[in-house]
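These notes are about the structure you will find just below.
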Amino acid sequence: SFPANLVPQAPEDPLFGLAREYRADESPYKVDLGIGAYRDENAKPWVLPVVHKADEILRNNPELNHEYGPIAGIASFTTKAADLILGSDSPALKESRATSLQTISGTGAVHLGALFLAKFYQGGRTVYVSNPTWGNHHQIFKNVGLTVDTYPYFHKETKGLDFEGMKEAFQNAPDHSIFVLHACAHNPTGVDPTQDQWTEIAAIMREKNHFPFFDCAYQGFASGNLARDAWAVHYFIEQGFELVVAQSFAKNFGLYGERAGCFHAVTSPAEDAPQTIARIGSQLAILQRSEISNPPLYGARIVSTVLNDPELFSEWEENLRTMSGRIITMRSALRSKLEELETPGTWNHITDQIGMFSFTGLSEAQVMKIREEAHVYMTKNGRISMAGLNDSNVEYFAKAVDKVVR
Ligand code: PLP
């Protein structure tokens, strides 16, 4: 049997719990700023027009069936996914020292990477994640038997990067430690290192022989430019790092529930690098087989259709600019409303931060007060999803913030 002292009741996932509370709220003024998914200017989910087109193409293909896919996923998908995140002219691809497996979206890619490192990594058993980070990082790495520790990231006063604290932690960690790095649009803070700061981080990691584990859930969604959002990954590869990347197509394709993602492993330049990566790929395939057997087809087929067609690809880039552009506009709108209201504090961080989320700096007590009084739902750490804001609610939200901070 499973007594309560051995199988205690687990807490509800905070984000899914927040969504449930939002749905139950009957106020006509309610605003959902918890959701980590894009919303259009009418606060509605958005199916990317290019995804509609790819869907149509797939449905009209009489050859398509529902047979099992390969263990490593659809090759036309994983090849293009690698081009996108590693760079199509990446030395890692030219020198055949990268391997890619399709996964259950970004979460599955992080999990597969964690599992592989837990089994084969010869360095430290501690994985360092930013403080704060996407909550799931903690449980994914712990679940495979690794220890999780944190490095400083968010500076409470500036609401920007605690770069000095971060560097010190990288210096002080034992050599060969694993560091999880958000490639762009850091979740939950929206704070990213600059390219100069990435260069410094890479130099320390190289000196300390640390292992970079990139998590990339927002490529193209952050700045609207695919290459710019993958800059850090490209740079680390150019520097010859051995590294892994978890890549999600949930946000940048709006394919949240379809679970399209990819895991990439890259080895350092060496004469036997192609053999090394082949061995790594063979072990990843065994892990994949025992975990999910083979990945789901539909989302990857959509992504593959778009990435393999130059015209659809340009249309996708246009759709990315629509999403990132609307979010950037909402950042400016929120900041100017708060500044117009002369809300106490500084609000430049709203426009300095990037991607889906903003760390407002509101305290848990203020978050709860806004929830009760204004029916605005955000996570207790003061994170808001910028995508939940639109022309109809941004002023209402700014006034609610103004009221609680006074
Ligand atoms: N990693 C980070 C940092 C994220 O923010 C997310 C989604 O919110 C993910 C990974 C994985 O998302 P998914 O499994 O939906 O691709």
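When we follow the UniProt record's numbering, the leftmost residue of the sequence shown carries the number 9, and every step to the right adds one. For each residue, glycine too, the CB sits at the ideal point set by N, CA and C. Small disclaimer: the values here were computed from a predicted structure and weren't measured.
Close-in-space but distant-in-sequence residues of the same chain around residue i (CB under 8 Å, 5 per side omitted)
i           : result
residue 7   : Given a span of 9 to 414 for the chain in the structure shown, any question on residue 7 remains unanswerable.
residue 150 : 156
residue 341 : 397, 399 and 402
residue 371 : 390
C-alpha distance - residue i paired with residue j, whole-angstrom precision
i           : j           : result
residue 89  : residue 220 : 19 Å
residue 106 : residue 284 : 10 Å
residue 399 : residue 179 : 45 Å
residue 381 : residue 40  : 14 Å
residue 137 : residue 24  : 22 Å
residue 92  : residue 234 : 8 Å
residue 246 : residue 97  : 11 Å
residue 104 : residue 289 : 12 Å
residue 343 : residue 374 : 18 Å
residue 182 : residue 202 : 25 Å
residue 404 : residue 222 : 37 Å
residue 301 : residue 169 : 40 Å
residue 287 : residue 175 : 33 Å
residue 376 : residue 191 : 31 Å
residue 101 : residue 159 : 31 Å
residue 133 : residue 154 : 5 Å
residue 298 : residue 77  : 15 Å
residue 9   : residue 21  : 25 Å
residue 68  : residue 123 : 38 Å
residue 87  : residue 11  : 48 Å
residue 95  : residue 36  : 46 Å
residue 13  : residue 414 : 45 Å
residue 264 : residue 34  : 26 Å
residue 152 : residue 51  : 38 Å
Pair within 8 Å by beta-carbon distance, residue i and residue j
i           : j           : result
residue 270 : residue 117 : yes
residue 402 : residue 345 : yes
residue 239 : residue 195 : no
residue 251 : residue 120 : no
residue 38  : residue 30  : yes
residue 43  : residue 32  : no
residue 267 : residue 112 : yes
residue 386 : residue 338 : no
residue 332 : residue 232 : yes
residue 210 : residue 187 : no
residue 140 : residue 389 : yes
residue 328 : residue 260 : yes
residue 379 : residue 49  : no
residue 145 : residue 184 : no
residue 81  : residue 308 : yes
residue 114 : residue 312 : no
residue 384 : residue 408 : yes
residue 353 : residue 55  : no
residue 336 : residue 368 : no
residue 108 : residue 316 : no
residue 110 : residue 303 : yes
residue 410 : residue 359 : no
Residues that DSSP places opposite residue i in a beta bridge
i           : result
residue 188 : 221
residue 108 : 272
residue 168 : 163
residue 392 : 366
residue 139 : 160
residue 255 : 224 and 270
residue 39  : 384
Any chain D beta carbon closer than 8 Å to residue i
i          : result
residue 69 : Here there is only one protein chain, and chain D is not present.
Cβ shell of residue i (< 6 Å), same chain only, five flanking positions each side left out
i           : result
residue 248 : 276 and 277
residue 324 : 58 and 314
residue 348 : none
residue 189 : 220 and 222
Cut-off 7 Å between Cβ atoms - residues of its own chain near residue i, not counting five sequence neighbours on either side
i          : result
residue 63 : 310
residue 72 : 66
- Touch test, the segment 124–131 against the segment 162–175, Cβ-Cβ under 8 Å, three pairs minimum: no
- Item | Cβ contact check for the segment 46–63 and the segment 274–284: 3 or more pairs under 8 Å | no
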